[in-house]
Every structure is written in structure tokens, then in C-alpha cells.
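See structure below.
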Amino acid sequence: MTPPTSSAITLHINGEKRTLPVDHRTTLLDALREKLDLTGTKKGCDQGQCGACTVLLDGRRTVSCLQLAVAAEGREITTIEGMAEGDRLHPVQQAFLDLDGYQCGYCTPGQICSAVAVIEEHAAGWPSAVTDDVRPEAGPPPLTPEEIRERMSGNLCRCGAYVSIVEAVARAAAGRTTAESAGHPTVEAAGRTAVEAAGRATAAKAGEAAA
Amino acid sequence: MTAPTALRGAVGTAHARVEGRDKVTGAARYAAEIPFAELAHGWLVLSTAARGRIRSVEAGPVLDMPGVLTVLHHGTAPRVDSEYIGMLGVPPDPSVALFQNDRVPHAGWPVALVVAETSEQAREAAEALVVHYEEEPHDIGFDAGRTDAYPVDGHMPAVTEKGDLAARLAESAVVVDAEYTTPEEHHNPMEPHAATARWDGGRLDVVDSNQGSTWVADELCKLFSLDPASVRVRSEHVGGGFGSKGVRAHQVAAVMASTLLQRPVRVVLTRRQMFSLAGYRSPTIQRVRLGADPDGRLRALEHESLSLTSTVYEFVEPSAGVARAMYDADAHRTANQVVRLDVPTPTWMRAPGEAPGSFALESALDELAEKCRIDPIALRVRNEPGTGPVSGLPFSSRNLVACFEEGARRFGWADRDPRPGMRRDGRWLLGTGTAAASFPAGAGPSTAALTAEADGSFTVRIAASDIGTGARTALTLIAADALETAPERVRVRIGDSDFGPAMIAGGSMGTRSWAWAITVAAGELRERLAAGNGIPPEGVTVRSDTTAAIGALAQKERHSFGAQFAEVAVDAGTGEVRVRRMLGIFAAGRIVNPLTARGQLVGGMTWGISMALHEEAVRDRVSGGHVGADLAGYHVASHADVPHIEADWIDDPDPDDPVGIKGIGEIGIVGAAAAIANAVRHATGVRHRSLPIRPDRVLAAGTGAQDA
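In the order they appear, the protein sequences are chains F and B. The first sequence maps to residues 1 to 211 in full-length UniProt numbering. The second sequence maps to residues 1 to 708 in full-length UniProt numbering.
Structure representation (C-alpha cells):
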């Protein structure tokens, strides 16, 4: 007897249970797009190199093109379609919209899912490759533009909207921090105007150094 | 930023994208995301041979695999006609005439399409399909010594020349003579090319991702010998294009299969297939010779560029064209040549010609400034031409100097020590560089339909394409102002060939061309409404066609200009180059939506970083195919590569455009790579004349040496 090549599985997506038959070769990405009509998750490379298919799996970001659908059974999956609460956009979505953190929009769902996870990872104290002090007692490093760039680097944007994406992530992170505590000065300073001012300050400094 | 002229209403104020909410919630559907009942999936099979003939396609075993519906190849595919002239006035690249014969002109040539019930089945069957080839020796060697190179016109004359070059060079006190190279570069829009074709009530309906729906419809109609009224192409959301999204193998394959199977068929290119099927920018080998007086005034200028094309179609990357608008000299010669090799046909890629051409020319200007011991900006100001250097025509406007002045002030250029290798930050050597930018400002004929609805709102229908430029939003603002209403009362519908002929999203001409058609229609609609006969339930619709108006434009040198500035840090120990900041100041016509315009310009500059430091497609001489044809093997700039970039503009409305637009899609990349390379020279004392400036090249060149 030949072994079965498809199975019925139940996926927990955006708070709903969805039961569907899947070919065992089907990736989570294709299951979302082709079987469940959740086409917000994008296919950019289908081999884990671009980040367009990023979703949250049990709260952590993952590239859904490298995940078989059958292996996602029983886990909590959050896609871009599950980010807003009704008509109220997630703060990260709102920041992308307001600050034009995109152009063609194709990498955008992956960028947003990644950004939501980045803000959580940072708040939980995870260091990155550019974090200066990685001792646990040091606590979360300031979420500087450099930290955001490093942490978001798994998500390519060919239109080159990185500058506004970083601003959007900073703004959303600042909002979260403001809401939850007294606010973080470095994060607070990372809005569009402040970043531009910083660029000018660097320019002035460079001028001094050269002079 | 100087005060903008004559602001009226919505144009000139920042507006979030009208489709922005759909894009951030995942609701915006791209080409491969529209569901169809009975949809079948096609998977292309590409040649592993680099040249030769197909001996056989072993379709039998594959047809027995689960779910497989058909295998199309040169023995089974319907015939198409590729002997025509398309909407843009050029014949099609025969590469889109799929499966018409057994010839294989390059590695990655499409040899078959496997269609199955599911994409998993189609993919497995396509990978299992055995194709036998009769291989012939191939030639992919691209070098300056090619004796078979020849001049090609493309969209401009191949060669322009005036004056006695040899004599003026011999008389020149200062001479620069250098060769610059740029590699093969790929567009890599984030959304892979995708199309679903189906027959619906006797009409061919193609849901596609393209840069011009009427353009693609026209080509498909001619290829398949169909009545124009029986072809509809839609392309509502497009995940990036950059020149690559015209007629390609995927649409043709989908149409063939859906015709044969009489059901909807979707064909999506894989990322790897895009490297062979989506077009690319040819590598270039450029030689620039400059002769100047001691004060930097140019007496001789020669720019020669060699690019490659396939054996089946002539395409030229006109890199030598940039000097025709930028700098004059008593003796002036520019020439574009190509060599034909066993490779896919290249195509337009963001700022074709200007992007690689400005790298060579603006690097050479920097070399000249150094030799003359004058400031690079002063050198450019000294060589500002009064009229077109080749054409002799007046410039419609030329605000390059104003861009440099504003940029120099904001960048802190005045305090720069021109001596190379003088600044350090720990292990990093620091340097700054600048370069000029230009890109032609043009418009193409378009039609638009504007409807005054009975409820007081307006609907615009135009076969425009928003590939991320923000065109949909810009056109909404333009229509609102032209109709003297609020943007919220205007709905702009685009991306449908049924809306009539329109310019493509290309050549930085899309928004200007479409805005023109909308402005004309709006004027007539307002007159009709003013006549005051009320609005019937079906609304009042007015159509416009700008063909005559654009044809009547006076001949002038029409360009956008810009000044690029970059600061880099170079790690002499690892060879790593980091861009620390960039500033671009542009004179690029009226800016319709500052929010999205900034994205266009910064996006172009980001491409400049990517071009200067990262992008390079490498071909294997033995197989004729790519090494690492994916986003790991071909690095495009990522978040961590891109610092804060500022782009701004000076007031520069085009005097002959109804809205004052020039176009901003491409100028951001022009000169950007040269500014970075010039900054690397300033940091290290080494001139890098080959892109990308890879760590191994920096290490091999060392620091402080004269040349790399």
C-alpha cells in the first residue's frame, strides 16, 4: 500500500480554527495563499531569502515558505490579516501607512509581521548583533535606528523604502513604550523629524571633523 | 528647499497612499492572488544547455504523473506571430514567442510548460521532465577586446561626434583616460512575474502584474493574432517592476495553456527563473577620456560604452548617452556599442543608460577635479553648458547648480578637506563624495475617461500602472485639483486595458503622461458641467487623448537634474564599505505628493548604494548560466546596508507641462553610485573603477595606492 500523500489538518489562524486537506509537500505559505485565501502573506522567493512570507508562529516570526503546513498543526499562526482589531489598525500598520513605509506593498505584510515581532523581542530584552552590552542585567538596549535595521534585515524591500520603514517601526515602538511606561528617550527621539535632525547633526559634526 | 510655486489644493501636499490601508492589511490582491474556479497551474521548464537544439522532450512519463494536464513544448504549442511592431514602436523580443522551434539560444531559455491541477504537482512534474539537447559551443565572454562589437541606436543615436578629438586631447593641459566597468544587474522586484489567463465569454482575460496593461494587451493580441477588442489585461496592484514587467514568458505560456485546456491557467515565475526570463541590465565596459584646461574647463570629452545583448534581439544599454545632456567640450564624442552573446536579452532597468553611464562619467569628473586641484562641485559649475551639448537646443530648465548649492550647504561640503585618507573613526577611514545626476523628462500619449457621477463624486479611468511609485495617489490629487474638488471625492481606477491606450510606467514618464490626459479631460468635463444640464444617473463622461498635444511639444533639452552626496566609512582591515549618510537634492519638476515622492527619490538612492556595493550577477563560463541565481547569491541592499538618506528638491516646475511635472522614478539612482565611489576614493586614496566595490577589491587595492 502506498503511503498517503495528503492529510486533513487543522490550523489555528488569527484566532480561528481552519480544517483543510493538504498535500504533504504544501508549505504553510502555499496553504495560506492557495487553500485558505489568505493572500496577504506574500511569496517573494519561496526559499527563505526575502522575508516577504513572514508570519508569527506561536508569537515568533518565521518564514512560512520554509515551513510545511502539516508541521504547523496545533500552533498559533498570526498573519497580516490578523493584525488589525476590526477597523482599528495595529500601531505598526498605522505607522507604515502614515509614514509611507512601503512603495509597491509586496514586502509590506512581511515587514509588518517582522516589525511586530522585533518590538516584542526587543522589549523582552533580546540583544542583536549590534547591541553593545549583551549582559542580561543590562536590560533591553535602546531601540536605535541601527538596532531596528539590524533586526529587520531578514526582510528585503526592493523599492528601497528602508528609511521610512525604520521610521515607522521606531514610531510604533515609541508608542508602545509610551503606553506601557514613562517612555524611552532614545525611542521617543526616533520619529521622522528627529531622525532627520540627527542626520543634520551628523552632517554638522562631520563638517567640524573635516575642518 | 525653496518655496514651491503656485500651490493649489491637493497637489504639493502630503497624502498617504489611497490604497495604503489595503497594502498594510494584506487586502490588496496582486496578480497571483485572484481566485478562479477550475484554476490550473503552469510551471516553466528552462534549458540547461547554453546553446544548441532540443533533440527531444520526454513528455510521456510526465503526463502519467498525478494531476498533470498537459506539457507544452515546441512540438505541441500553438503557433504565434512575432513579426509585428508593438505599441512602443519596436518589434518584440523573440524570446516571448515561446516554444516555436527547437533552437536554444541561451541557458535558461524556456523549453516547456507543465500544467497540472496543483502547483505542487506541476512543480514536481516540471522538475522530472527530461529534455535532451544537441549542445553547441557557447560564447558568453564579455570583454573590451571584442572585435565583433558594433554600434546600435536603441532609443537614441548610437554615435554623436563633433570637433577634432585627437587634436583637442593633445592640446589639453590635463587628461583623464580611464576604463570603468559595471556588472550584470537584475531588477528583482519583490513580486515575481505572475499571470492568470482565461477565456471568458469569447474574450481573453489576463490578470497580470505589469507596467502597462494596454501595452501587454496589444502585444498579446498581436502575438496570438486576436481582435484587439477580444483581449483584456488587468493589473491592479504590482509588486515592483523597475523595467522588468512587460511582456514575458509567463503571460504567453498562460495564454497558450488556457486556450488549449479551456480553463484558467496561472503561471508564476520562480525567483530563480526570473534571472533568465525577466530581463536584466547588461554589464558595461566604458572608456571615458577627458581633456581640460588647467582650470578644469573641458576641451575634449569622449565616452564609449560597450554592452551585450542576446543572439535573438538587439538591445542596447546606452550608457554613453548621459554626456549628451551633461557636459560640453570643443571635441565631443559619445558611442554605444553592443556585442551579441549566448545570453538572455537584457532590458530597461531603472535609469537605463544613465545609471551605469553616470557612474563612469561622474567618476571621471572626480578624477579630473583631483588632477586640476579644484573642487568637484566647482568643476561641474565651470562646465555648465548653455545649450544641449550635442543638440544645441535650449534646456527647458536646468537647475543643476542650484541643487549643488543647496546640497553642499546641507551636507557641510564647504568644510571638506579634499586630501584623501585624512579622516578616521577608529578602524574606519572616512570620506565624502559628490556627483551630478540627470534624467530625461518626457511624456507619452495617453487617453483618460473622467466621469462626473450623479452623487457628486468623480471616477477617473486610465490604464495607468502603480508599480509602487504612488501614481494612483498622485493622479487622485491631480484630478481633484483639476476638477476643483477634494481628493476624497475622486476615485481613480487604473490597471485595466479596457480603459484605453495609455503610456506605460516607464522612463519616469508615467505619472506625467497620465496626469496630462486627466487634466485635459477634467477641463472639458468642468465645461460640460458648467453648461448646467444636470447629471443623469449614468453620469457624464468625457474622454481625452493627448497624442496631438504631446506631438506638438517644441524640441528642447528636457531633463531632471540632481546633486548626490555620500559619506562612507571603509574598514581597511576587512575591505568593508559602509555608507554612513546620503543626501540628494533634485530639480525634478513639480512634486505632486511630497510623501511618496521622497520615497521614489530615496528608493533610487538606495538602489545606488546597492549598485555601488552589492549587486553583481555572475555567469559561469562553462555552463553559460548564473552562479547563485537567487537573493542569497545576488545581494540587494538590505535594512542594515542603508543608513539615513535624505532627499529633497528645489522648485523646478516644467514650463511646458500642464501640471509642471518632470518625473522622479529614475533620477534618484543616477550619480548615486559615483558619489559613493568618489567618497571611497576620498576615504582610502584608491580609485575604484569597477562595480560593485566588494571587500575583496578594497583589500586587493589596499589604501593610499594611486589606482585600483
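Ideal Cβ positions, reconstructed from N, Cα and C, are used throughout, including at glycine.
Contact set between C159/F and chain B, taken where Cβ atoms lie within less than 7 Å = G240, G468 and G603
With a cut-off of 8 Å, does the C-beta of E81/F fall near any C-beta of chain B?
-> yes
Measuring CA to CA, which of T259/B, T345/B, V104/B and V115/B is closest to W43/B?
-> V115/B
Can the beta-carbon of A437/B be found less than 8 Å from the beta-carbon of V176/B?
-> no
By Cβ distance, which residues of its chain are closer than 8 Å to Y102/F, with the 5 residues on each side in sequence left out?
-> Same-chain partners within the cutoff: F96, T108, Q111, C157, C159, A161, S164 and I165.
Going by alpha carbons, who is nearest to T451/B out of A521/B, A530/B, L699/B and G407/B?
-> A521/B
Any beta-carbon of chain B closer than 8 Å to the one on A189/F?
-> Confidence at A189/F is low in this model, with a pLDDT of 36, below 50, so the placement of that residue is unreliable and no value is reported for it.
Short-range partners of chain B found in the region 105-116 of chain F, where Cβ spacing is below 8 Å = G105, Y106, C107, T108, P109 and I112
Taking the C-alpha atoms as reference points, what is the distance between V265/B and G353/B?
-> 37 Å
May I ask you to report which of helix, strand or coil DSSP gives E19/B?
-> coil
Indicate whether at least one CB of chain F lies closer than 8 Å to the CB of I504/B.
-> no
Proximity test, Cβ basis, 8 Å: S276/B and chain F = no
Close-in-space but distant-in-sequence residues of the same chain around G239/B (CB under 7 Å, 5 per side omitted) = Within its own chain, the residues whose Cβ lies closer than 7 Å to the Cβ of G239/B, once the five positions on either side in sequence are excluded, are Y30, P189, M190, E191 and S209, listed in chain order.
Taking A480/B as part of the alpha helix (DSSP H), name the residues at either end of that continuous run.
-> A471 to L483
With a CB to CB cut of under 7 Å and the five nearest residues on each side skipped, what residues in its chain are close to V130/F?
-> For V130/F, where only same-chain residues beyond five positions count, the Cβ hits under 7 Å are E146, E147 and E150.
Between which two residues does the alpha helix (DSSP H) harbouring E370/B extend?
-> E354 to C372
Excluding sequence positions up to five away, which residues of its chain have a Cβ less than 7 Å from the Cβ of I478/B?
-> The answer, listed in chain order, is V11, A515, I518, T519, V592 and V659.
Close beta carbons around I140/B, own chain, < 8 Å, minus the five adjacent residues each side = A50, L341, D342, V343, R619, R621 and G624
Would you report the Cα separation of G145/B and E167/F, rounded to the nearest angstrom?
-> 48 Å
Looking at chain F, which residues of the region 355-388 of chain B have a Cβ within less than 8 Å of any of its Cβ atoms?
-> none
What residue does the alpha helix (DSSP H) around E171/B start on, and which one ends it?
-> L165 to E171
With a cut-off of 8 Å on the beta carbons, I'd call Q564/B and G539/B a contact; round off their distance for me.
-> That pair is no contact at about 47 Å.
For chain F, is any of its Cβ atoms less than 8 Å away from the one on S638/B?
-> yes
If you follow the alpha helix (DSSP H) that T259/B is part of, which residue opens it and which one closes it?
-> A249 to L261
Give a yes or no on whether 8 Å exceeds the smallest Cβ distance from E120/B to chain F.
-> yes
Could you check how far apart the C-beta atoms of A257/B and L72/B are, in whole angstroms? I think they sit under 8 Å.
-> 6 Å
Taking A448/B as the reference, which of L290/B, E219/B and V542/B has the closest Cα?
-> That would be V542/B, whose Cα lies nearest to the Cα of A448/B.
Per DSSP, which residues does Q564/B bridge with? Please list them.
-> A435/B and G584/B
Close Cβ partners of T202/F (< 6 Å) along its chain, the five nearest in sequence each way excluded | In this prediction, T202/F has a pLDDT of 42, which is less than 50 and means its spatial position is unreliable; nothing more can be read from the coordinates.
For E61/B, which option in S307/B, L129/B, S513/B and V602/B has the closest C-alpha, if you only look at C-alpha atoms?
-> Strictly speaking, residue 61/B in this sequence is Pro, with Glu absent from that position. Looking at the Cα atoms, L129/B is the closest of the given residues.
Local conformation of residue 757/B per DSSP, three classes | Past the boundaries of the shown model lies residue 757/B; chain B is included only from 1 to 708, so the question cannot be answered.
Uninterrupted beta strand (DSSP E) stretches inside the region 524-565 of chain B (no shorter than 3 residues) = 540-545
Helix, strand or coil for R297/B, going by three-state DSSP, please let me know.
-> coil
Does any residue of chain F bring its CB to less than 8 Å from the CB of D208/B?
-> No, its Cβ sits nowhere closer than 8 Å to a Cβ of chain F.
Within 8 Å (strictly less), CB to CB, does A617/B reach chain F?
-> no
Could you list the residues in the region 31-52 of chain B with a C-beta less than 7 Å from some C-beta on chain F, going in chain order?
-> E33 and P35
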